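With this note's numbering, letter number 13 in the sequence shown gets 740, and the count goes up by one each step, no holes.
Glycine is no exception: its CB is placed at the ideal position from the N, C-alpha and C atoms.
Just so you know, these numbers come straight off a predicted model, no measurement behind them.
Following: one structure in structure tokens, then a few remarks.
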Amino acid sequence: MIAIPQQPQKMTVEEYLEWELQQDVRYEYVNGEVFAMTGGTIPHNDIALNLYSALRPHLRSRG
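Rendered as structure tokens:
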């Protein structure tokens with residue numbers, strides 16, 4: 728069984744920063760709530776880069 732780190736329901740920014748230093752995985756802080764972040768993969772990064780590369784010329788032409 729995997730132990731899930733416990734955190735308060737709502738945190739201040741300062742509480743979150745102190746708490747996160749003690750965690751093994753990365754978390755995202757949104758309006759006082761904390762969410763575990765998933766790890767990126769090489770295929771995920773390739774998809775994101777391809778999307779950016781496809782959209783960039785269209786967005787730059789609009790200023």
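What do you get for residue i, buried or exposed, if any count of 16 or more other CB atoms within 10 angstroms of its CB means buried?
i: Tyr743; result: buried
i: Val761; result: buried
Could you check whether residue j and residue i sit closer than 8 Å to each other, using their CB atoms as the reference points?
i: Tyr738; j: Gly759; result: The amino acid occupying residue 738 in the given sequence is Met; Tyr does not appear at that position. Yes; because the gap between Cβ atoms is below 8 Å, this pair is in contact.
Would you list the one or two residues that DSSP bridges to residue i?
i: Glu701; result: No information on residue 701 is available, as it lies outside the stretch 728 to 790 that the chain covers here.
Is there a C-beta anywhere in chain D that falls below 8 Å from the one on residue i?
i: Thr765; result: The chain labelled as chain D is not found in the depicted structure, where only one protein chain is given.
For this session: Mind the definition here: the region 767–783 touches the region 746–757 only if three or more C-beta pairs lie below 8 Å; say whether that holds.
Result: Using a C-beta cut-off of 8 Å, the region 767–783 makes no contact with the region 746–757, since fewer than three inter-stretch Cβ pairs fall below that distance.
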